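Working notes, structure below.
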Amino acid sequence: MAKKMKKRLVSQISSAGSEGPYNYIDGQWRRAGAGGNVFENKNPATGELLGVYPQSTLRDVEEAVQSARKAFDSWRKVPAPKRAEILLRSMRILEERKEMMAEGMTREMGKILQETRGDVQEAIDTALYFAGEGRRLFGQTTTSELPDKFAMSMRMPVGVCGLITPWNFPMAIPSWKIYPALLCGNTVVFKPASWTPDSARQFVRALEEAGLPPGVLNLVYGSGDTVGRWLLDHPGIALISFTGSSVIGSQIGEISGKALKRCSLELGGKNAQIVMEDANLDLALEGALWGSFGTTGQRCTATSRIILHERVYKQFTERLVEKTRALKIGNGLNPATQMGPLVSKVQLENVDRYVQIGKKKDHAKLLTGGEILSQGEYERGNFFQPTIFLGTPEMRISQEEIFGPVTVLIKVKSFDEAIQTLNNTRYGLSGSIYTRDVNRVLRAIRDMETGITYVNAPTIGAEVHLPFGGVKETGNGHREAGQTALDIFSEWKAVYIDYSGRLQKAQIDTQE
Ligand code: UN1
0 MAKKMKKRLV SQISSAGSEG PYNYIDGQWR RAGAGGNVFE NKNPATGELL GVYPQSTLRD
60 VEEAVQSARK AFDSWRKVPA PKRAEILLRS MRILEERKEM MAEGMTREMG KILQETRGDV
120 QEAIDTALYF AGEGRRLFGQ TTTSELPDKF AMSMRMPVGV CGLITPWNFP MAIPSWKIYP
180 ALLCGNTVVF KPASWTPDSA RQFVRALEEA GLPPGVLNLV YGSGDTVGRW LLDHPGIALI
240 SFTGSSVIGS QIGEISGKAL KRCSLELGGK NAQIVMEDAN LDLALEGALW GSFGTTGQRC
300 TATSRIILHE RVYKQFTERL VEKTRALKIG NGLNPATQMG PLVSKVQLEN VDRYVQIGKK
360 KDHAKLLTGG EILSQGEYER GNFFQPTIFL GTPEMRISQE EIFGPVTVLI KVKSFDEAIQ
420 TLNNTRYGLS GSIYTRDVNR VLRAIRDMET GITYVNAPTI GAEVHLPFGG VKETGNGHRE
480 AGQTALDIFS EWKAVYIDYS GRLQKAQIDT QE
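For the sequence shown, position 377 (counting from the first letter as 1) is numbered 376 according to numbering that gives the first Met the number 0, and the numbering increases by one without interruption.
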């Protein structure tokens, strides 16, 4: 975009007052510091420019961290049930604005309205869950080995949390991090993905209007290389929570490890759905279609491999290909659309690159799709055909996360081979099996190397009160959502209260 036009846009937006797309620091919507660099937010279905947002400077990050540090001392002392009331009020605001927020989200990242409504709903569910937690946040009391002595454990906040979130769930994933972080008494600097700045702003607005004190939640826009990196390096940040690729996650883990920063990582997936010969095929088909092409395949939980027993392979494949060809692709705001565009040109090119690898290097058999859509209504958007390959387990398209509407069918001869194939990946987020055999169900639950396991349901669709996360290179052992999120955002303190009035020595006074 020409410099002049950028300037005009920036000044138009600045005249929009406090609602402008500025950073949110210390309770104020502030223009980013020197430099005035901005990035554009475009509709991936139409190419329409939706707004410009600041590329924040180091000074902005510094101010955000300082404001969060300043707010921490009073926020951590606000009783948890009071903190929870603010969460609950923000939930009501999300409920009221659900439709508007969903439309805005579809406009900025492309997934269909039904799904963006689900995304806002996931944030609502998370708010309700952690608001309830305000009156629990349980610790333990226990006995002491010594007389007249009391012992207990309690959760303490960690400090200032740097939260770095992706664009595929622009409200749900920030809510998984922000709500438990705040409930536990931490303060936050939030860096959302640059493809979804408006959803981040809407979400922060809801918490601001719900009465969150200044400095408790700060929003700083900018790239991962700059703002993300500065947060990671900042000594004032006690904890980094990141959702994104395994490559970046491993770098974040390394840097955090050296600095002894708390760090939770939610990374890639190469999730598989197994269809056994005794499965309800109609159900398995519906699941495969939704798991592979929902969110245009841009979920960490997306079904990117379908493992088929050879006895159902032919029938299943024919029907899946037919249903895939019939999918309505288009602008997610149109209620008839079943699959929207990819979020960006970069993602589109990435998917195309993988399809070329599948065809030319892996020599996989392309069963349907494989092309960029660029004619007519698709001209200005980032559209790609839903794509199915027939492949083998070791191919690159069967091993690497594509993050687009591409799935690979793999034929197997037995249950054992199916499980082995499912586990043949460095990732371990979600996995699914369709079968009617109860023994196989229980074996699959035991043997799948996945953090989330589905039986007769697709690989997507986790609920917010259960642990979300994966094994192997999908993460570093943490689980978001539900109770387990509290373990990310709090630290345990053991407390001993001696009311004997004398010095009692643990491990020593008990010796006779
Ligand atoms: C993601 O895949 O990036 O389980 C998050 C699901 C959603 C969350 C997905 N509730 O599919």
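In this text, a Cβ means the ideal position worked out from N, Cα and C, and glycines have one as well. This one's a predicted model, so the numbers in the text were calculated from it and none came from an experiment.
- Item | Selection from Gln-506, Val-463, Asn-438 that minimises the alpha carbon distance to Val-119 | Here residue 119 corresponds to residue number 120 of the sequence shown, with the count starting at 1. Closest by alpha carbon: Val-463.
- Query: Can Arg-298 be considered in contact with the ligand UN1, in the sense that its beta carbon sits closer than 7 Å to one or more heavy atoms?
  - Reply: Counting from 1 along the sequence shown, the entry for residue 298 is found at position 299. Yes, the beta carbon of Arg-298 sits closer than 7 Å to at least one heavy atom of the ligand UN1.
- Collapsed DSSP secondary structure at Gln-506 in the structure displayed: As a first step, residue 506 must be located in the sequence shown, where it is residue number 507. Coil, per DSSP.
- Message: Nearer than 7 Å: is that true of the beta carbon of Gly-460 relative to any heavy atom of the ligand UN1?
- Response: Position 461 of the sequence shown, counting from 1, holds the residue named residue 460. Yes, Cβ of Gly-460 sits closer than 7 Å to a heavy atom of the ligand UN1.
- Would you kindly work out how many angstroms separate the C-alpha atoms of Tyr-498 and Thr-509, rounded to a whole number? Here residue 498 refers to the residue found at position 499 of the sequence shown. Here residue 509 refers to the residue found at position 510 of the sequence shown. In a straight line, the C-alpha of Tyr-498 is about 17 Å away from that of Thr-509.
- Query: With a CB to CB cut of under 6 Å and the five nearest residues on each side skipped, what residues in its chain are close to Pro-80?
  - Reply: Taking the sequence shown and counting its residues from 1, one reaches residue 80 at position 81. Counting only Cβ-Cβ distances below 6 Å, and skipping sequence neighbours, we find Gly-133, Arg-134.
- Task: Could you pull the start and end residues of the beta strand (DSSP E) that Val-494 belongs to?
- Result: What you label residue 494 is simply residue 495 of the sequence shown in a count that begins at 1. 489-497 is the span of the beta strand (DSSP E), which, as asked, contains Val-494.
- Just tell me which of Ala-287, Pro-191, Leu-238, Ala-205 has its CA closest to the CA of Leu-218. In the sequence shown, counting from the first residue as 1, residue 218 sits at position 219. The candidate whose alpha carbon is nearest that of Leu-218 is Pro-191.
- Query: If Gly-221 and Val-188 are in contact, beta carbons under 8 Å, what's the gap, nearest whole angstrom?
  - Reply: In the sequence shown, the residue the question calls residue 221 occupies position 222. In the sequence shown, the residue the question calls residue 188 occupies position 189. Wrong, their Cβ atoms sit about 11 Å apart, outside the cutoff.
- Query: In whole angstroms, what separates the C-alpha of Trp-194 from that of Leu-136?
  - Reply: Counted from its first residue, the sequence shown places residue 194 at position 195. Counted from its first residue, the sequence shown places residue 136 at position 137. The straight-line gap from Cα to Cα measures roughly 35 Å.
- Message: Using 8 Å as the threshold, is the C-beta distance between Ala-278 and Ile-305 below it?
- Response: Numbered from 1 along the sequence shown, position 279 holds the residue referred to as residue 278. Numbered from 1 along the sequence shown, position 306 holds the residue referred to as residue 305. Going by C-beta atoms, Ala-278 is not nearer than 8 Å to Ile-305.
- Item | Counted within 10 angstroms of its Cβ, other Cβ atoms place Glu-378 as buried (16 or more) or exposed | Here residue 378 corresponds to residue number 379 of the sequence shown, with the count starting at 1. With fewer than 16 Cβ atoms within 10 Å of its Cβ, Glu-378 is classed as exposed.
- Residues that DSSP places opposite Phe-467 in a beta bridge: In the sequence shown, the residue the question calls residue 467 occupies position 468. Phe-467 pairs with Glu-479.
- Item | Close beta carbons around Gly-46, own chain, < 7 Å, minus the five adjacent residues each side | The residue you call residue 46 lines up with position 47 of the sequence shown. Excluding sequence neighbours, Gly-46 sits near Arg-379, Gly-380.
- Message: Taking the alpha-carbon of Val-460 as reference, which of Glu-114, Arg-395, Gly-368, Cys-262 has the nearest alpha-carbon?
- Response: Indexing the sequence shown from 1 puts residue 460 at position 461. Residue identity differs from the one stated: residue 460 is Gly in this sequence, not Val. For the residues Glu-114, Arg-395, Gly-368, Cys-262, the minimum Cα distance to Gly-460 belongs to Glu-114.
- Give, in chain order, every unbroken run of the alpha helix (DSSP H) that is at least 4 residues long and sits entirely within the region 250-310. 280-292
- Contact set for Ala-130: own chain, Cβ-Cβ below 6 Å, skip 5 residues either direction: The count along the sequence shown starts at 1 and reaches residue 130 at position 131. Ala-83, Leu-86, Leu-87.
- Do you know how far the Cα of Arg-318 is from the Cα of Glu-62? Residue numbering aside, residue 62 sits at position 63 when the sequence shown is read from its first letter. Residue numbering aside, residue 318 sits at position 319 when the sequence shown is read from its first letter. Straight-line Cα distance between these residues: approximately 56 Å.
- Query: Can you list, in chain order, the residues of its chain whose CB lies under 7 Å from that of Met-108, leaving out five sequence neighbours each side?
  - Reply: For this step, residue 108 is matched to residue 109 along the sequence shown. The residues are Pro-43, Trp-166, Pro-169, Trp-194, Thr-195, Val-342.
- Message: Less than 7 Å between C-beta atoms, sequence neighbours within five positions excluded: which residues of the same chain meet that for Thr-110?
- Response: Mapped onto the sequence shown, residue 110 falls at position 111. It should be noted that the sequence gives Lys, not Thr, for residue 110. The residues are Thr-294, Thr-295, Gly-331, Gly-339.
- Message: With three or more beta-carbon pairs closer than 8 Å as the criterion, would you say the region 46-56 touches the region 207-214?
- Response: no
- Query: Out of Gly-476, Lys-492, Gly-474, Pro-466, which has the shortest C-alpha to C-alpha gap to Thr-483?
  - Reply: Counting from 1 along the sequence shown, the entry for residue 483 is found at position 484. Taking only the C-alpha atoms, the option nearest Thr-483 is Pro-466.
- Message: Let me check understanding here. Comparing Cα to Cα, which of Lys-364, Phe-488, Lys-148 lies closest to Tyr-178?
- Response: Numbered from its first residue, the sequence shown carries residue 178 at position 179. Comparing Cα positions, the closest option is Phe-488.
- With distances taken Cα to Cα, identify the nearest neighbour of Thr-125 among Met-100, Lys-364, Ile-401, Pro-173. Walking along the sequence shown from the start, residue 125 turns up at place 126. Ranking Met-100, Lys-364, Ile-401, Pro-173 by Cα distance to Thr-125 puts Pro-173 first.
- Query: Applying the criterion that 16 or more other CB atoms from any shown protein chain within 10 Å of the CB defines a buried residue, is Glu-18 buried or exposed?
  - Reply: Residue 18 sits at position 19 when you count from the first residue of the sequence shown. At Glu-18, the pLDDT of 37 sits below 50, so the modelled position is not reliable; the number obtained from the coordinates is stated separately. Exposed is the call here.
- Query: Should Ala-171 be listed as close to the ligand UN1, given that the test is whether its C-beta is under 7 Å from any heavy atom?
  - Reply: For the purposes of this step, residue 171 is taken as residue 172 along the sequence shown, with counting starting at 1. Correct: Ala-171 has its Cβ closer than 7 Å to the ligand UN1.
- Whole-angstrom distance between Val-60 and Gly-469, CA atom to CA atom: Taking the first residue of the sequence shown as position 1, residue 469 is located at position 470. Taking the first residue of the sequence shown as position 1, residue 60 is located at position 61. Going from the Cα of Gly-469 to the Cα of Val-60 covers about 31 Å.
- Item | Range of the contiguous beta strand (DSSP E) that encloses Phe-240 | Taking the first residue of the sequence shown as position 1, residue 240 is located at position 241. Looking at the sequence itself, residue 240 is Ser, so the reference to Phe does not match. Run containing Ser-240: 238-242, per the beta strand (DSSP E) assignment.
- Query: Which residues does DSSP pair with Ile-444 in a beta bridge?
  - Reply: Position 445 of the sequence shown holds residue 444. Per DSSP, none; premise fails for Ile-444.
- DSSP state of Gly-500 mapped onto helix, strand, coil: Residue numbering aside, residue 500 sits at position 501 when the sequence shown is read from its first letter. Note: Gly-500 maps to coil in three-state DSSP.
- What residues are listed by DSSP as bridge partners for Trp-28? By 1-based counting over the sequence shown, the position of residue 28 is 29. Trp-28 pairs with Tyr-23.
- Query: So, using beta-carbon positions, are Ile-273 and Ile-432 closer together than 8 Å?
  - Reply: In the sequence shown, residue 273 corresponds to position 274, counting from 1. In the sequence shown, residue 432 corresponds to position 433, counting from 1. Yes.
- Item | Integer-rounded CB distance, given that Ala-493 should sit under 8 Å from Ser-152 | Counting from 1 along the sequence shown, the entry for residue 152 is found at position 153. Counting from 1 along the sequence shown, the entry for residue 493 is found at position 494. Indeed, because the Cβ distance is near 5 Å, the residues count as touching under 8 Å.
- Message: Extract the residue ranges of the beta strand (DSSP E) inside the region 363-394, only unbroken runs of 3 or more that lie entirely within it.
- Response: 364-367, 386-389
- Query: Is the region 90-110 in contact with the region 230-245, if contact means three or more CB pairs nearer than 8 Å?
  - Reply: no
- When we look at the beta-carbon of Pro-334 and count the other beta-carbons within 10 Å, is it buried (16 or more) or exposed? Position 335 of the sequence shown, counted from the start, is the residue given in the question as residue 334. Per the 10 Å Cβ criterion, exposed.
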